[in-house]
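In case it helps, our numbering puts the sequence shown at residues 356 to 602. Quick reminder that beta carbons are idealized off the backbone N, C-alpha and C, glycines included. A quick note: this is a predicted structure, and the numbers were derived from the prediction, not measured. Here's the structure, in structure tokens; my notes come after.
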Amino acid sequence: MRAAIEIRELSVTFATRRGSHAALDRLSLTVMPGTICGFLGPNGAGKTTTLHVLLGFIPPTAGSATLLGADVRQSIARERIGYLPENPDLYGFLSGWELLAFAGRLFGLDRATLRQRSRTLLEETGLADDADRRIATYSRGMKQRLGLAQALINDPDLLILDEPTGGLDPLARLDVRRILAGRRAAGKTVFFSSHELSEVESVCDRIAILARGRLVAEGTLAGLVPPGQTLERFFIDSVTDRKGCEV
Ligand SMILES: Nc1ncnc2c1ncn2[C@@H]1O[C@H](COP(=O)(O)OP(=O)(O)OP(=O)(O)O)[C@@H](O)[C@H]1O
Ligand SMILES: [Mg+2]
356 MRAAIEIREL SVTFATRRGS HAALDRLSLT VMPGTICGFL GPNGAGKTTT LHVLLGFIPP
416 TAGSATLLGA DVRQSIARER IGYLPENPDL YGFLSGWELL AFAGRLFGLD RATLRQRSRT
476 LLEETGLADD ADRRIATYSR GMKQRLGLAQ ALINDPDLLI LDEPTGGLDP LARLDVRRIL
536 AGRRAAGKTV FFSSHELSEV ESVCDRIAIL ARGRLVAEGT LAGLVPPGQT LERFFIDSVT
596 DRKGCEV
């Protein structure tokens, strides 16, 4: 079966004032179709950098990556993708409806499909009553929900989300979990970065943990976390040398 995401020996080095900084160091990772994979790691570990390479925003310094079989350097690789950035920057002068219409037109959706899909997504993200208001008047969490709706407007086969539940209340998080599980049930693939370990535990089939640009753990929760241990403990042990310290 063809991988939804295949990352091979990926390295990214940024030029800095002091010389260079290796944000990713020979990262290899495979995400299979129909699964939800959580991408974990401390601040600055390289998660967003990885997603930016997948989205074609920054070129790899070395190595390669494919999305649904297409090299990420080709724009065709992003045709069947939905993406939610770390800090979605949505046009404040548009309403929720208008933003989804704009995004849908970019993907060439016909009017009827766009209307029906926008309605469903606004319901799913709990924004149906606010859809006519200008986005500038939305709260942070509402913008985040709308960003997710926008990422889903093309019914993507692969959803790439950078901290989708950052700033969301517990009810909205539950909605997001439901949405992601629903996409998986429809055979879609989800790859998302997160610091919310409880969420990752409840929805992911597999997790990948990054530390200082390197993959330090990858697998199913049951396969990685020993019985009686929490994911939090496992995470801290994986990314630091603080083995056994109190949490
Ligand atoms: N354009 C850039 N120029 C120089 N360094 C950069 C650039 N973008 C990212 N970095 C560095 O690369 C490293 C990885 O950053 P990245 O944003 O990928 O981390 P992250 O895992 O997403 O962290 P967080 O959990 O805080 O979102 C950091 O040290 C960051 O400072
Ligand atoms: Mg990030």
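1) Here's the rule: buried if 16 or more other CB atoms are within 10 angstroms of the residue's CB, otherwise exposed. What is A577?
2) Can you tell me whether I413 is helix, strand or coil according to DSSP?
3) Secondary structure at G437, three-state DSSP: helix, strand or coil?
4) Using alpha carbons as the reference points, say which of R567, V531, E573, L529 lies closest to D560.
5) Can you tell me which of the three DSSP states D524 falls into?
6) Taking only three categories from DSSP, how would you classify G459?
7) Beta-carbon separation of P302 and T544 under 9 angstroms?
8) Taking just the CA atoms, how far does I362 sit from L503?
9) Do R435 and D517 come within 9 angstroms of each other at the CB atom, strictly closer than that value?
10) Could you check if N509 is buried or exposed, using at least 16 other CB atoms within 10 Å of its CB as the buried criterion?
Here's the rundown:
1) Position 222 of the sequence shown, counted from the first residue, corresponds to residue 577. A577 should be labelled exposed.
2) On the sequence shown, position 58 is the one that residue 413 refers to. Residue state, collapsed to three classes: coil.
3) The residue given as residue 437 occupies position 82 in the sequence shown. Note: G437 maps to strand in three-state DSSP.
4) The residue labelled residue 560 in the question sits at position 205 within the sequence shown. The residue with the shortest Cα to Cα distance from D560 is E573.
5) Residue 524 sits at position 169 when you count from the first residue of the sequence shown. D524: coil per DSSP, three-state reduction.
6) Counted from its first residue, the sequence shown places residue 459 at position 104. Of the three classes helix, strand and coil, the one that applies to G459 here is helix, per DSSP.
7) Examination of residue 302 is not possible in this model, given that the chain is present from 356 through 602 alone.
8) In the sequence shown, counting from the first residue as 1, residue 503 sits at position 148. In the sequence shown, counting from the first residue as 1, residue 362 sits at position 7. Approximately 24 angstroms between the Cα atoms of the pair.
9) Here residue 517 corresponds to residue number 162 of the sequence shown, with the count starting at 1. Here residue 435 corresponds to residue number 80 of the sequence shown, with the count starting at 1. It is not a contact, given that the beta carbons lie outside the stated cut-off.
10) On the sequence shown, residue 509 is found 154 positions in, with the first residue counted as 1. The residue is buried, with at least 16 neighbouring Cβ atoms inside 10 Å.
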